[in-house]
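Worksheet for the structure shown next.
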Amino acid sequence: MASPVSVIAPRVMAAIEAAFGAEFAGTDPVLRPSQYADLQVNAPLALAKRLGLPPREVAGRLLAELELADVCEQVEISGPGFINLTLAATWIGAETTSVRADDRIGVPLEPRQRVVIDYSAPNVAKEMHVGHLRTTVVGDALARTLEHLGHDVIRQNHIGDWGTPFGMLIEHLLDVGEGTAEARLLETDPNAFYQGARERFDGDEAFATRSRERVVALQAGDPDTLRLWSELVELSRHYFNRIYSLLGVTLTDDDLAGESTYNDRLASICDELETAGIATISDGALCVFLDGYTGREGKPVPLIIRKSDGGYGYGTTDLATIRYRVEELRADRMLYVIGAPQALHLRMVWDTARLAGWLPEGVDPVHVQIGNVLGEDRKILRTRSGAPLRLVALLDEAAATARAVIDAARPDLDEDTRAAIAPQVGIGAVKYADLSVAHDSEYVFDLARMVALTGDTGPYLQYAAARIRSIFRAADSAPAVLAESGTAQIKVVEPAERALALTLLDFGDVVAHVGADLEPHRLCHYLFGLAQAFSVFYEHCPVLKAEGATRSSRLSLCALTLKVLVHGLDLLGIEAPERM
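Numbering (the working numbering), first residue to last: 25 to 604.
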């Protein structure tokens, strides 16, 4: 049970080696879709230049060694030297039947790696805003996908839970009183609590003095100060979990690995780098100057390890995370799902860690760059007042907008059903819109388009799954029909059956590509194409009105399509409602 490409590619490669010698082993067969066949081998054109032969002659010699009789019903040379491949309907049917019976639906289990994924990373006592949406959603989709491919995924939510602002926040907590309604704003409206603390800090010198003293006590490990700090973190944790629940992401309290986690390691990081001569003092600060990193006028760009006032920066903490993830978590691969502007900083941190011997060559750090979410003015999405848009407000609006669409489209559904579907559709729409764009690209946030039931949207895919479920509800004894469809031999006769079956066979390859290239938008595009292929199939190939083996075959295609749609959406972190 495999995709056509995964079956044919190694056979073409073997034929190339057999026809032209061992020096051509591993040559890319250049398999591409064709408007004249199912697939096209384009390798002869590239080989012709290396061999100094006409492309059609190369194609002929390749064809003489190519063994595809069990897979293809027609193999022919076309045009200047392409080889067109038309798959046998019997092979397509057999492979699709095999995939239908496979619990993994053709998705491979890869050699296990330990993959650490750093994503989401909100700040304690601050509201999660729209800027946190993409890192959270993309990171979670990658975590789900890599786990399904068989990897050991360790989520790391590197929250901002340490630093000078906490002196101000702790003093404000003491002033408003622990357990009061204002203190509980940290669970519901963190920005209001933070702004209250900031106003006191800026307008009350005595409060500011106490705040600075509290920072010293915090950094010194004063027990009562640490207790108050822990309370701030705990209240914010409840807020984070409420957002994660709304978004349907898999982050838990066990995944929290904030800046405070590494506090005890920072001094030794600095000492080791200075002793090794990697870091030097510059204007009172401890810095690393790396070859090749220069700014304006060719001046070297420093990675600041310890500030001139003795404090530590992001660079120090990020180096500590690398040591922890390599030495204690035993990472084979480390993914940083954070904003694109952090690219330079991350490269400098990684190069420093390489120099220090903390990042072995066998461990691969990857920056999964996250682009901005834009408003209609093509500027970073903000409220009318210019403040970052609160993520919870955006998600509530998405659910409300979806509810309006559902109320208009399905007034026949009962109130409880519509109330349950609305957040699934609204939040699924937001997540799909985010994931369907390359993660390093910007996109314009357009809620009306996102919740539409037509076009390349999350609701369109959810509706496709719901429509298939309605087919089985319309059939007599739906569970029995589903069971029957799981064992029925799939036969592809009509063009729409063939197109749907071939699309279904590609699912495993697509998921593997997402895991390898860290591009969830590939899965989105695949699922949209699958839903379109099913729509054409449903229009041209009657299912319930068919009889005998044809009916069973088409029901089996419907069941497999549903299985792939639901599973694919789940890898993206999107629910598939029973009804829409």
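Ideal Cβ placement from N, Cα and C applies to all residues, glycine included. Note that this is a predicted model, so its numbers are computed, not measured.
Proximity of residue i and residue j at Cβ, strictly below 9 Å
i      : j      : result
His182 : Thr340 : no
Ile415 : Gly450 : Note that residue 415 is Leu in the sequence shown here, rather than Ile. No, the Cβ-Cβ distance between Leu415 and Gly450 is not below 9 Å.
Ala165 : Leu596 : yes
Ala281 : Gln180 : yes
Val161 : Leu359 : no
Glu385 : Arg493 : no
Ala43  : Arg85  : yes
Thr169 : Pro544 : yes
Leu402 : Val468 : The sequence given here places Arg at residue 402; Leu does not occur at that position. Cβ atoms of Arg402 and Val468: closer than 9 Å.
Ala520 : His564 : yes
Trp388 : Asp356 : The amino acid at residue 388 is misidentified as Trp; the sequence shows Asp. Going by C-beta atoms, Asp388 is nearer than 9 Å to Asp356.
Leu405 : Val54  : no
Thr478 : Gly335 : no
Cys294 : Leu310 : yes
Ile514 : Ala525 : yes
Ile141 : Glu89  : no
Arg442 : Asp458 : no
Contacting residues, own chain, Cβ-Cβ under 7 Å from residue i (five flanking each side not counted)
i      : result
Ala504 : Reliability fails at Ala504, whose pLDDT of 49 lies under 50, so the model's placement of it is uncertain and no value is given.
Leu297 : Ala303, Val312, Ile329, Ala380
Ala453 : Ala422, Ala426, Met474, Val475, Thr481, Gly482, Pro483
Val31  : Val95
Thr110 : Ala61, Asp62, Cys96, Glu97, Gln98
Val156 : First, the amino acid is wrong: residue 156 is His here, not Val. Same-chain partners within the cutoff: Ser144, Pro146, Leu415.
Lys587 : Ile129
Ser102 : Tyr60, Asn108
Tyr348 : Tyr286
Leu75  : Phe44, Val82
Tyr317 : Pro324, Val325, Met372
Residues of its chain near residue i, where Cβ-Cβ distance is below 8 Å and the 5 sequence neighbours each way are ignored
i      : result
Thr159 : Tyr143, Ser144, Ala145, Val361, Ile362, Gly363, Ile394
Phe106 : Ser58, Gln64, Val65, Asn66, Pro68, Leu69, Ala83
Arg546 : Val534, His537, Val538
Arg136 : Gly174, His175, Asp176
Gln486 : Gln448, Val449, Gly452, Leu593, Ile598, Glu599, Ala600, Pro601, Met604
Leu198 : Leu252
Residue i - containing beta strand (DSSP E), residue span
i      : result
Gly324 : Per the sequence presented here, residue 324 reads as Pro, with Gly not at that position. Start and end: 324 to 330.
Leu391 : Rather than Leu, the amino acid found at residue 391 in this sequence is His. Its beta strand (DSSP E) spans residues 388 to 394.
Asn108 : 106 to 111
Glu97  : 96 to 102
Cys311 : 309 to 318
Leu77  : No beta strand (DSSP E) holds Leu77; DSSP gives it neither H nor E.
Val361 : 357 to 363
Ala65  : One detail in the question is off: residue 65 reads as Val in this sequence, not Ala. Segment 63 to 65, the beta strand (DSSP E) holding Val65.
Where the alpha helix (DSSP H) through residue i begins and ends
i      : result
Leu92  : Looking at the DSSP string, Leu92 is not in any alpha helix (DSSP H), and its letter there is neither H nor E.
Arg349 : 338 to 351
Arg378 : 367 to 380
Ser306 : Not the alpha helix (DSSP H): Ser306 falls in the beta strand (DSSP E), residues 303 to 306.
Arg56  : Looking at the DSSP string, Arg56 is not in any alpha helix (DSSP H); the run it does join, the beta strand (DSSP E), is 55 to 57.
Leu581 : 572 to 596
Leu271 : 247 to 271
Ala614 : No answer is possible for residue 614: the residues shown for the chain start at 25 and end at 604.
Gln556 : 544 to 564
Asp333 : Element bounds for Asp333: n/a, residue is neither H nor E.
Own chain, CB closer than 6 Å to residue i, minus 5 neighbours either side, in chain order
i      : result
Glu571 : none
Ala38  : none
Pro34  : none
Trp115 : Val95
Ser284 : Asp185, Trp186
Residue i: CB within 8 Å of a non-hydrogen atom of the ligand ATP
i      : result
Thr212 : As for the ligand ATP, it is missing from this structure, which has no ligand bound.
Touch check for the segment 124 to 139 and the segment 173 to 182: three-plus C-beta pairs under 8 Å? yes
For the segment 184 to 198 against the segment 235 to 242, do three or more pairs of beta-carbon atoms, one drawn from each stretch, fall closer than 8 Å, so that the two count as touching? yes
Within the chosen definition, does the segment 591 to 599 reach the segment 251 to 266 through at least 3 CB pairs nearer than 8 Å? no
Answer yes if the segment 555 to 565 comes into contact with the segment 226 to 235, meaning at least three C-beta pairs across the two stretches below 8 Å, and no otherwise. no
So does the segment 518 to 535 actually touch the segment 113 to 125, counting three or more Cβ pairs closer than 8 Å? yes
Three Cβ pairs or more, each shorter than 8 Å: is that satisfied between the segment 269 to 286 and the segment 217 to 228? no
Curious, which full-length beta strand (DSSP E) runs of at least 3 residues does the segment 174 to 198 contain? 176 to 180
Check whether the segment 148 to 163 touches the segment 246 to 264, taking contact to mean three or more Cβ pairs, one atom from each stretch, closer than 8 Å. yes
Scan the segment 121 to 167 and note each continuous beta strand (DSSP E) run of 3 residues or more that stays entirely inside, going in chain order. 138 to 142
Which runs of the alpha helix (DSSP H) at least 4 residues long sit entirely within the segment 421 to 500? Give them in chain order. 439 to 459, 471 to 474, 482 to 498
So, do the segment 317 to 332 and the segment 365 to 380 have three or more beta carbon pairs nearer to each other than 8 Å? yes
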